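Visitor: I'd like to ask some things about the structure below.
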Amino acid sequence: MTERRRAAAVIVRDGRVLMVRERSLGPSGRHDGLEYWTLPGGGIADGETPEEAVRREVEEEVGLTPLSTRYLIDVPYPSGLTACFAVTVADGEPRVGHDELPCDCPSLVSVDWVPLPPVSPETMGAPIPTMIVVWPTH
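Residue numbers (the working numbering): 26 to 163.
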């Protein structure tokens, strides 16, 4: 794992969490690699706080306006430690955005609301995946 710090948004609506589908670079050097679902988020820029980064990433990646953020937890992620925030957003439907980053980063493919699995009352929490790999079928 690299030392790049990230911030990610946990946005829950009607028992579903908003996830972004991304495609990584493949052997050709183009965005034809492994696809995976992940929470909206990305790198924290120099001079930016994790909260500022998560707000920016939500607007850039899914086109929603953050109303409030609450820090949840730091979790390991393949590209670096990620600060996860519970984020409430203004009404509206998410859309695939774009990052103005060099092509050595994942490419956004789609966004969707993923159902949350049921939680036992004893755990008092919701299981939120930070990344779900989409394994090739061939």
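In this text, a Cβ means the ideal position worked out from N, Cα and C, and glycines have one as well.
As the structure is a prediction and not an experimental result, all values here were calculated from the model.
Does DSSP classify residue 120 as helix, strand or coil?
Guide: In this structure, residue 120 counts as coil in the three-state DSSP scheme.
Visitor: Measure the beta-carbon distance from residue 136 to residue 114 and round it to whole angstroms, keeping in mind my assumption that it falls under 8 Å.
Guide: Incorrect: roughly 12 Å between the Cβ atoms, too far for contact.
Visitor: Quick check on this structure: which residue in 99, 110, 134 and 116 has the alpha carbon closest to the alpha carbon of residue 29?
Guide: Comparing Cα positions, the closest option is 99.
Visitor: Under 8 Å Cβ to Cβ from residue 84, same chain only, skipping five residues before and after it: list those, please.
Guide: Only 90, 91 and 122 meet the Cβ criterion.
Visitor: For residue 107, does the count of other Cβ atoms within 10 angstroms reach 16, so buried, or fall short, so exposed?
Guide: So residue 107 counts as buried.
Visitor: Roughly how far, in whole angstroms, is the beta-carbon of residue 119 from the beta-carbon of residue 59, given that I think they are within contact range, below 8 Å?
Guide: About 22 Å separates the two Cβ atoms, so there is no contact after all.
Visitor: Give me the DSSP bridge partner(s) of residue 47.
Guide: In DSSP, residue 47 forms a bridge with 61 and 133.
Visitor: What do you get for residue 75, buried or exposed, if any count of 16 or more other CB atoms within 10 angstroms of its CB means buried?
Guide: Buried.
Visitor: Could you give the DSSP three-state label for residue 103: helix, strand or coil?
Guide: Residue state, collapsed to three classes: coil.
Visitor: Identify whether residue 31 lies in helix, strand or coil by the three-state DSSP scheme.
Guide: Of the three classes helix, strand and coil, the one that applies to residue 31 here is strand, per DSSP.
Visitor: Helix or strand or just coil, what does DSSP make of residue 75?
Guide: Here residue 75 sits in helix by DSSP.
Visitor: By how many angstroms is the C-alpha of residue 52 removed from the C-alpha of residue 110?
Guide: Those two C-alpha atoms are separated by around 33 Å.
Visitor: Using CA atoms only, rank isn't needed, just tell me which of 82, 112 and 70 is closest to residue 96.
Guide: Nearest C-alpha to residue 96: 112.
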